[in-house]
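Start counting the sequence shown at 17; every next residue gets the next number (the numbering used here).
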Amino acid sequence: MKEKLLDLLACPTCGGDILLAYASKYDDREIIEGVLTCKKCDREYKVVRGVPRFADLGKIEEDKAATAENFGWQWTNFTQEDPKYNEQFLGWLQPVKKEFFEGKVILEGGCGKGRHTKLAAEWGATEVVGIDLGDGVESAFALTRNMPNTHIVQCDIFKLPLKKAFDYAFSVGVLHHTPDPKRHSFHSPER
Ligand SMILES: [Zn+2]
């Protein structure tokens, strides 16, 4: 986790600012192990293996956990690169084009192993935050850690630990896998 991500984080419970309490392990610019704390309610959130963890999988309803587990399996086991992936992704984003990403702060809801997050960063986004509930975040972090403008966060898509600071959010093939997609939309905590 890069320290500048703190500017985009908010407590998923109360909406307060998130501070770095301490870091016990750094690797270059990345905080690998540490503890984040909410300025307002004092809740603590861990940084584990470079990824800030706002979701406690043990406390999430079973259906959501099952969704996350399936995705985690899919993303951590699917390693084959598709040469047409870039093109396919742009097809899904239509009418948005590559150039649209330049200079913007972007959120990917359900980043899996981080391929779209990486592409958005390569297309010139100022910052890209990829969030996911599943263990795809481990691969996503490994894939994007050397890019100065990408951030991976493990959290519940319906309880985002983020400020309303994003220019654009996209989600590819995630919401329709949740138990009741019509009921859901993105939420940030009220401030
Ligand atoms: Zn809080």
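Backbone N, C-alpha and C fix where the C-beta goes; we use that ideal spot for every residue, glycine too.
Since the structure is predicted, the reported quantities are computational estimates derived from the model, not experimental observations.
{"Item": "Shell residues, 6 angstroms Cβ cut-off relative to heavy atoms of ligand 1", "Value": "C27, T29, C30, G32, C54, K56, C57, R59"}
{"Item": "Option in I147, A71, K175 with minimal Cα separation from T166", "Value": "I147"}
{"Item": "According to DSSP, residues forming a beta bridge with L35", "Value": "T53"}
{"Item": "Where T166 falls: helix, strand or coil (DSSP)", "Value": "strand"}
{"Item": "Extent of the continuous alpha helix (DSSP H) to which V153 belongs", "Value": "152-160"}
{"Item": "Boundaries of the beta strand (DSSP E) in which A185 is found, first to last residue", "Value": "184-186"}
{"Item": "DSSP three-state assignment for A71, whether helix, strand or coil", "Value": "coil"}
{"Item": "Outcome for D23 when other beta-carbon atoms lying within 10 angstroms are tallied against a minimum of 16", "Value": "exposed"}
{"Item": "Residue(s) in a DSSP beta bridge with Y61", "Value": "L52"}
{"Item": "Where the beta strand (DSSP E) through G13 begins and ends", "Value": "Residue 13 falls outside the range modelled here, since the chain spans only 17 to 207, and no answer is possible."}
{"Item": "Buried versus exposed call for K41 [16 or more other C-beta atoms within 10 Å across all chains shown]", "Value": "exposed"}
{"Item": "At least three beta-carbon pairs within less than 8 angstroms, the region 54-61 to the region 27-39", "Value": "yes"}
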